[in-house]
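Quick note: the sequence shown uses this note's numbering, first residue 324, plus one each step.
Note that beta-carbon positions come from the ideal geometry of N, C-alpha and C, so glycine has one too.
Nothing here was measured: the structure is a model prediction, and the numbers come from that model.
Quick notes on the structure that follows.
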Amino acid sequence: MTGAFRTTPTAAVEIILGIPPLHIAIETEARKALHRLAIAGLWDETRPPSKHTNLASHKDLDLITNMGCDKIPPRFVFDKRFRVSIPSRDEWKRGPKPPDENTLIWYTDGSKMESGTGAGVYSKDTKLSEGMGKLATVFQAETYAIIMCALKNVETAPKKRNIYILSDSQAALKALASVRIESKLVLNAIHVLNRLGQFNKVTLMWVPGHTGVEGNEIADSLARKGSETTPIGPEPFVPISKSTIHTAFRKYAVNKHLTE
324 MTGAFRTTPT
334 AAVEIILGIP
344 PLHIAIETEA
354 RKALHRLAIA
364 GLWDETRPPS
374 KHTNLASHKD
384 LDLITNMGCD
394 KIPPRFVFDK
404 RFRVSIPSRD
414 EWKRGPKPPD
424 ENTLIWYTDG
434 SKMESGTGAG
444 VYSKDTKLSE
454 GMGKLATVFQ
464 AETYAIIMCA
474 LKNVETAPKK
484 RNIYILSDSQ
494 AALKALASVR
504 IESKLVLNAI
514 HVLNRLGQFN
524 KVTLMWVPGH
534 TGVEGNEIAD
544 SLARKGSETT
554 PIGPEPFVPI
564 SKSTIHTAFR
574 KYAVNKHLTE
């Protein structure tokens, strides 16, 4: 696998492969476990210091782990005043039904670039773009764009309208359709969509991305514009995702290995 000789020291092979030694791997997993307990509200930080409680804090990890995690203990939400539709690509090729005068169509999108993450919302009379900083994920950007769209409609207070919110993120739409919720951001989106759905018929619909659908292309450009915009206020713009925290733990293990 490595091309190294059998006599090569284990520590050297571990560095070549990027594999931390066993004691660092165990310590990192212990820190992850303590972080999960803290999220679930099962860790008492007021206990007297010990070897175990000292694991719960580290200067290289605290910056990320103390920002607040998007992951929450599972909640089951059955009351949804909106529906989610994911048509096939063939259905899209046949073309959507022309909207009537009672129908409002919105497009949302999220983008992550080296400069940051952004969300975009587009309709015939509205263009919205917002920067979300560097810590938000694409999934969070896609979900937040839907929240932006729903809030804009709540502001304008339409009633008895057919409102279509089109997104090219099946992951975000499936998360919103699921009854099992493990994300603060998704839960927030459901609450806002339910407010909008009190007086309107709301449909979240998947649209294939980057296929020339004009509204989707405009929403994409707005999201990219947002990714180049510095958000107002400190990071994180939204709660830290589980994947971002796992990346922080991996970097911690690698850095500890290289500096020992």
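Asked                                                                                                                                                         : Found
On the criterion of 16 or more Cβ atoms from any shown chain inside 10 Å, does D448 qualify as buried, or is it exposed?                                      : exposed
Please return the same chain residues whose Cβ sits closer than 8 Å to the Cβ of V515, not counting the five positions on each side in sequence.              : I470, A473, L474, V477
As a quick exercise: from K565, K482, I428, pick the residue whose alpha carbon is nearest that of R518.                                                      : K482
From F399 to S501, what distance separates their C-alpha atoms?                                                                                               : 9 Å
Which whole-angstrom value describes the C-beta separation of S490 and L527, a residue pair presumed to lie in contact below a C-beta threshold of 8 Å?       : 7 Å
If you follow the beta strand (DSSP E) that A442 is in, where does it begin and where does it stop?                                                           : 439-446
Applying the criterion that 16 or more other CB atoms from any shown protein chain within 10 Å of the CB defines a buried residue, is M265 buried or exposed? : Because the chain here runs from 324 to 583, residue 265 falls outside it and cannot be looked at.
Is A464 buried or exposed, if buried means 16 or more other CB atoms sit within 10 Å of its CB?                                                               : buried
Here's the rule I'm using: 16 or more other beta-carbon atoms within 10 Å means buried, otherwise exposed. How should D393 be labelled?                       : buried
Between the stretch 401-416 and the stretch 428-440, are three or more C-beta pairs nearer than 8 Å?                                                          : no
Report the rounded CA-to-CA distance for S550 versus A498, giving the unit in angstroms.                                                                      : 23 Å
So for E551, helix, strand or coil by DSSP?                                                                                                                   : coil
Tell me where the beta strand (DSSP E) around N485 begins and ends.                                                                                           : 485-490
Check the DSSP bridge columns for L451 and list the partner residues they point to.                                                                           : V444
Under a three-way DSSP split, which group does R404 fall into?                                                                                                : coil
List the residues that DSSP assigns as beta-bridge partners of L527.                                                                                          : V407, I488
Expressed to the nearest angstrom, what Euclidean distance is found between the alpha-carbon atoms of V561 and R484?                                          : 30 Å
What are the start and end residues of the beta strand (DSSP E) that includes K394?                                                                           : 394-399
Can you give me the C-alpha to C-alpha distance between P531 and T479, rounded to a whole angstrom?                                                           : 28 Å
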